[in-house]
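As structure tokens, the structure follows; a few thoughts come after it.
Numbering (my numbering), first residue to last: 130 to 286.
Given below as structure tokens:
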């Protein structure tokens, strides 16, 4: 799968690295970090160009809302947007609604397991959003973690 990974800090970088190790084509973008081993894109739009999936791991809901607009605008129709950030429910639902309106599958998938879990690929994901999008991307969750549970509609993750 071609994956855009936005937010390559302490959690995002090892999650992206695990996807690369599993053979996925990952283009990363971060405003500050440039981790070794990850092909960096010049912008969110470049990272998302032709991507099947975009994954974000961001510090808060306000940043998710801003970055989410760029991700949604850049992803091709029918791609899946997975947000792994731990953010407020209102932000998760707002971005989910915007993504759905744009014809994208959307999942909010906050994680448990910390940086060690991100490095080891043993995170637990609580996933809210479209059930079909969850099934389509389940293999990605299996690479990044030990468990992914679909908890219901957007905002339930």
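By construction, the Cβ of each residue, glycine as well, lies at the ideal position given by its N, Cα and C atoms.
Distance between beta carbons of residue j and residue i, contact taken as under 8 Å
i	j	result
residue 232	residue 269	Contact doesn't hold; Cβ gap of about 20 Å is too wide.
residue 258	residue 235	5 Å
residue 167	residue 146	7 Å
residue 224	residue 194	6 Å
residue 200	residue 215	With a Cβ gap of about 18 Å, residue 200 and residue 215 do not count as contacting.
residue 162	residue 142	7 Å
Per DSSP, the bridge partner or partners of residue i
i	result
residue 276	253
residue 183	133, 210
residue 236	211, 258
residue 156	133, 168
residue 281	257
residue 241	253
Pair within 8 Å by beta-carbon distance, residue i and residue j
i	j	result
residue 130	residue 153	yes
residue 135	residue 158	yes
residue 173	residue 209	no
residue 273	residue 187	no
residue 211	residue 266	yes
residue 284	residue 255	no
residue 244	residue 144	no
residue 180	residue 204	yes
residue 176	residue 213	no
Contact test: residue i Cβ vs the ligand NAD heavy atom, cutoff 7 Å
i	result
residue 174	Because no ligand of any kind appears in the structure shown, any question about the ligand NAD cannot be addressed here.
is_contact[residue i, chain C] using C-beta, thresh 8 Å
i	result
residue 258	Here chain C cannot be found, since the structure has a single protein chain.
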